[in-house]
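K.L.:
Each residue of the sequence shown is one higher than the last, beginning at 1 in the working numbering.
Quick one: structure below, then a few questions.
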Amino acid sequence: MQNLVEVHRKHILMKQVYGTLCLSKSNVFIWHIRFSDGRNTLEDDKHTGRPSSSKTPESIEKGREFVANNRSASLRMMAEVLHINKETIRTILHEDLGKAKVWTSFLPMKMPSKTKTMLITFFDIRGIIHKEFVPAGQTITGEYNLNVLKRLIAIIRRIRPRISR
Numbered sequence: 001m002q003n004l005v006e007v008h009r010k011h012i013l014m015k016q017v018y019g020t021l022c023l024s025k026s027n028v029f030i031w032h033i034r035f036s037d038g039r040n041t042l043e044d045d046k047h048t049g050r051p052s053s054s055k056t057p058e059s060i061e062k063g064r065e066f067v068a069n070n071r072s073a074s075l076r077m078m079a080e081v082l083h084i085n086k087e088t089i090r091t092i093l094h095e096d097l098g099k100a101k102v103w104t105s106f107l108p109m110k111m112p113s114k115t116k117t118m119l120i121t122f123f124d125i126r127g128i129i130h131k132e133f134v135p136a137g138q139t140i141t142g143e144y145n146l147n148v149l150k151r152l153i154a155i156i157r158r159i160r161p162r163i164s165r
């Protein structure tokens with residue numbers, strides 16, 4: 001009881017000096033006990049166990065290697081294989097590795113004129129980003145794909161500026 005009265009007095013004195021920036025009474029009590037027990041530093045105690053975040057240089061490198069070897073992996077698959085939280089994987093991919101999940105689908109379509117054509121579609125979790133039909137008779141070459149990707153990048157910069165950094 002004597003201890004509580006002493007802590008209460010110290011808290012009142014601290015409030016007079018620090019005003020609204022003063023520690024709460026419970027924190028003053030905790031620190032009073034720590035210093036009464038012989039503590040002489042304000043540093044936090046060492047914590048054992050799992051770190052508060054599994055985002056470490058090692059986990060970033062694991063993510064980089066995994067994506068390099070398996071570009072079509074889902075966040076869930078990466079989390080299970082790497083034993084890292086799914087949201088941490090998402091943060092590593094987007095913030096540290098600058099990656100965004102963009103899917104491409106090449107779908108053959110029949111037009112009323114019985115002309116076969118191909119639809120190229122790019123989308124992410126929020127929906128379709130870009131779609132275009134391949135002109136009839138167009139051969140799909142590396143140069144053609146490069147031009148499609150250039151158009152895609154321009155559209156991403158315009159409609160999804162956060163992922164185009």
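Ideal Cβ placement from N, Cα and C applies to all residues, glycine included.
Please read these numbers as outputs of a predicted model, since none were measured by experiment.
So residue 149 is in the alpha helix (DSSP H); what residue range does that whole segment cover?
P.N.:
Per DSSP, residue 149 belongs to the alpha helix (DSSP H) from 142–159.
K.L.:
Is it right to say residue 146 is buried, meaning 16 or more other beta carbons lie within 10 angstroms of its own, or is it exposed?
P.N.:
That one is exposed.
K.L.:
Can you give me the start and stop residues for the beta strand (DSSP E) that residue 30 sits inside?
P.N.:
That residue, residue 30, is in no beta strand (DSSP E); its alpha helix (DSSP H) goes 25–36.
K.L.:
Distance check for residue 78 and residue 144, CA to CA, integer angstroms please.
P.N.:
Cα-Cα distance, rounded: 32 Å.
K.L.:
Below 8 Å between beta carbons: does that hold for residue 62 and residue 82?
P.N.:
It is a contact, given that the beta carbons lie within the stated cut-off.
K.L.:
Going by alpha carbons, who is nearest to residue 131 out of 67, 118 and 141?
P.N.:
Of 67, 118 and 141, the residue nearest in Cα terms is 118.
K.L.:
I'd like to check one pair, residue 134 with residue 128: are the Cβ atoms closer than 8 Å?
P.N.:
Their beta carbons are not under 8 Å apart, which means residue 128 does not touch residue 134 by this criterion.
K.L.:
Whose C-alpha, out of 152, 154, 120 and 116, is nearest the C-alpha of residue 137?
P.N.:
Taking only the C-alpha atoms, the option nearest residue 137 is 116.
K.L.:
Grab the span of the beta strand (DSSP E) containing residue 97 for me, first residue to last.
P.N.:
Segment: none, residue 97 is in no beta strand (DSSP E) and carries neither H nor E.
K.L.:
So, residue 14 versus residue 28, is the Cβ gap smaller than 8 Å?
P.N.:
Cβ atoms of residue 14 and residue 28: closer than 8 Å.
K.L.:
Per DSSP, which one or two residues make a beta bridge with residue 130?
P.N.:
Partner(s): 122.
K.L.:
Whole angstroms is fine: what's the gap from residue 72's alpha carbon to residue 80's?
P.N.:
In a straight line, the C-alpha of residue 72 is about 15 Å away from that of residue 80.
K.L.:
Report the residue ranges of all alpha helix (DSSP H) runs contained in full by the stretch 40–76; include only those spanning at least 4 residues, in chain order.
P.N.:
Listed in chain order, they are 57–69.
K.L.:
Check the C-beta distance from residue 148 over to residue 99 and give it rounded, since I have them as a contact under 8 Å.
P.N.:
With a Cβ gap of about 20 Å, residue 148 and residue 99 do not count as contacting.
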